[in-house]
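In full-length UniProt numbering, the protein residues as written are 1 to 391.
Where is the CB? At the ideal position from N, CA and C, for every residue including glycine.
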């Protein structure tokens, strides 16, 4: 079994291992990876039972060798297949893959961001398309070409067939260096299968990013957000998936790190997140991409526009699971994976980073819960649970 204690080297098993040491149904594996750094996984369950996991990998986030990779767990098998390199533009850093299955056509779309170095305000969104369950893929095309557009969370399909892509906009004024203090969330939506797109901004969503949308059992929609302020997970609601309430803080903490949630067949909302915030930080740094800075960037740091500044460096651990049986009004939680979550560097070459972060979660109709997350920026870890976890 893999360990997660600081200073110990994990056993990176690609085969799914059952745990007899946990009081609930639990199994785990590491995705076979090819690069020193691995981050931002995204899961997709295909109709044939295959499970896909996309992530980005390379040396250090922001460098032009960062590309998208894809691994597959075939239906009924217990060993993840080798990772396949999906993108090949070595002039830009390509990140945050999102997989989307279209039932009407059987297509799979792989969306991802593409940016210049550490400048997230330069990002555009590209896509690849597969018509044979991911065996072959198209050449990349640009889906959203307006600079600063970022994605992270699953695309959803509304009751009327409208596609909704939650995006966030990385914004900085000319002469300023992007740090995230003016980021906002929006939804892009298409009523013609992605041929044309419209947009609605989430009201007063400054600092609320990585919007994750799911439909609740009562037919309404819930949105949960990462916070640039490293204070709390934020929540908003919608009756139609397009018009949203202003995000409000929940009781759950957030260290300015990724979250992901799904809704179980019972209606229970299940969120994977880091149960930490800036209150747990012992230090901070100015920005996400300090590790790739060459000292030639003369832009000023982004000025605060809302009385707050983005906070970077809060520990990204423990990785926890929270659940709500009243559509997000109240929460219970427990730890899934422990660690110190050190993330004051993204340096995977020297194995300095120890974050447990950026989860992806999806729930099957039979109660099986699939989770993938970043393990020390060195591997992607896969975990399988059942509902007895919540007992």
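Top-ranked residue by Cα proximity to residue i, from the options
{"i": "residue 16", "options": "381, 214, 48", "result": "381"}
{"i": "residue 54", "options": "385, 374, 183", "result": "374"}
{"i": "residue 341", "options": "357, 115, 367, 326", "result": "357"}
{"i": "residue 74", "options": "48, 91, 65, 66", "result": "48"}
{"i": "residue 247", "options": "147, 208, 390, 100", "result": "208"}
{"i": "residue 336", "options": "14, 46, 328, 361", "result": "361"}
{"i": "residue 117", "options": "334, 174, 292", "result": "292"}
{"i": "residue 57", "options": "87, 104, 44", "result": "87"}
{"i": "residue 252", "options": "235, 267, 264, 239", "result": "235"}
{"i": "residue 185", "options": "273, 83, 50, 202", "result": "202"}
{"i": "residue 137", "options": "108, 34, 151", "result": "108"}
{"i": "residue 334", "options": "45, 343, 384, 320", "result": "320"}
{"i": "residue 379", "options": "369, 385, 359, 240", "result": "359"}
{"i": "residue 200", "options": "194, 206, 188, 192", "result": "188"}
{"i": "residue 217", "options": "206, 231, 239", "result": "239"}
{"i": "residue 45", "options": "390, 388, 391, 372", "result": "372"}
{"i": "residue 287", "options": "180, 296, 128", "result": "180"}
{"i": "residue 295", "options": "128, 162, 177", "result": "177"}
{"i": "residue 64", "options": "90, 324, 140", "result": "90"}
{"i": "residue 338", "options": "354, 331, 284", "result": "354"}
{"i": "residue 331", "options": "66, 13, 149, 269", "result": "269"}
{"i": "residue 317", "options": "205, 343, 194, 142", "result": "343"}
{"i": "residue 80", "options": "264, 149, 219, 50", "result": "50"}
{"i": "residue 68", "options": "110, 31, 175", "result": "110"}
{"i": "residue 161", "options": "194, 66, 31", "result": "194"}
{"i": "residue 219", "options": "43, 267, 301", "result": "267"}
{"i": "residue 85", "options": "92, 225, 66, 102", "result": "66"}
Residue j beta carbon less than 7 Å from that of residue i
{"i": "residue 377", "j": "residue 39", "result": "yes"}
{"i": "residue 124", "j": "residue 106", "result": "no"}
{"i": "residue 121", "j": "residue 170", "result": "yes"}
{"i": "residue 346", "j": "residue 60", "result": "yes"}
{"i": "residue 328", "j": "residue 222", "result": "yes"}
{"i": "residue 363", "j": "residue 313", "result": "no"}
{"i": "residue 276", "j": "residue 315", "result": "yes"}
{"i": "residue 28", "j": "residue 349", "result": "no"}
{"i": "residue 114", "j": "residue 94", "result": "yes"}
{"i": "residue 289", "j": "residue 62", "result": "yes"}
{"i": "residue 33", "j": "residue 83", "result": "yes"}
{"i": "residue 233", "j": "residue 254", "result": "yes"}
{"i": "residue 98", "j": "residue 167", "result": "no"}
{"i": "residue 386", "j": "residue 25", "result": "yes"}
Host beta strand (DSSP E) of residue i (start-end)
{"i": "residue 149", "result": "149 to 151"}
{"i": "residue 373", "result": "369 to 375"}
{"i": "residue 108", "result": "108 to 116"}
{"i": "residue 163", "result": "163 to 169"}
{"i": "residue 130", "result": "119 to 130"}
{"i": "residue 137", "result": "Element bounds for residue 137: n/a, residue is neither H nor E."}
{"i": "residue 24", "result": "Run containing residue 24: none; DSSP gives neither H nor E here."}
{"i": "residue 337", "result": "332 to 337"}
{"i": "residue 380", "result": "379 to 385"}
{"i": "residue 311", "result": "Element bounds for residue 311: n/a, residue is neither H nor E."}
{"i": "residue 324", "result": "319 to 324"}
{"i": "residue 273", "result": "269 to 274"}
{"i": "residue 359", "result": "356 to 363"}
{"i": "residue 395", "result": "Missing from the structure shown is residue 395; the chain here goes from 1 to 391 and no further."}
Chain D contact for residue i (CB, 7 Å cutoff)
{"i": "residue 379", "result": "Absent from the structure: chain D. Only one protein chain is present."}
beta-carbon residue i near the ligand PLP non-hydrogen atom, thresh 6 Å
{"i": "residue 182", "result": "Ligands displayed in this structure: none; no statement on the ligand PLP is therefore possible."}
Within the segment 33 to 95, ranges of the beta strand (DSSP E) (whole runs, at least 3 residues)
37 to 45, 51 to 58, 67 to 73
Any contact of the segment 18 to 25 with the segment 129 to 146, i.e. 3+ C-beta pairs under 8 Å?
no
Quick check on the DSSP output: what are the complete beta strand (DSSP E) runs of length 3 or more inside the segment 174 to 256, in order along the chain?
184 to 190, 198 to 201, 208 to 215, 221 to 227, 232 to 238, 248 to 253
With three or more C-beta pairs closer than 8 Å as the rule, is the segment 292 to 312 touching the segment 257 to 266?
no
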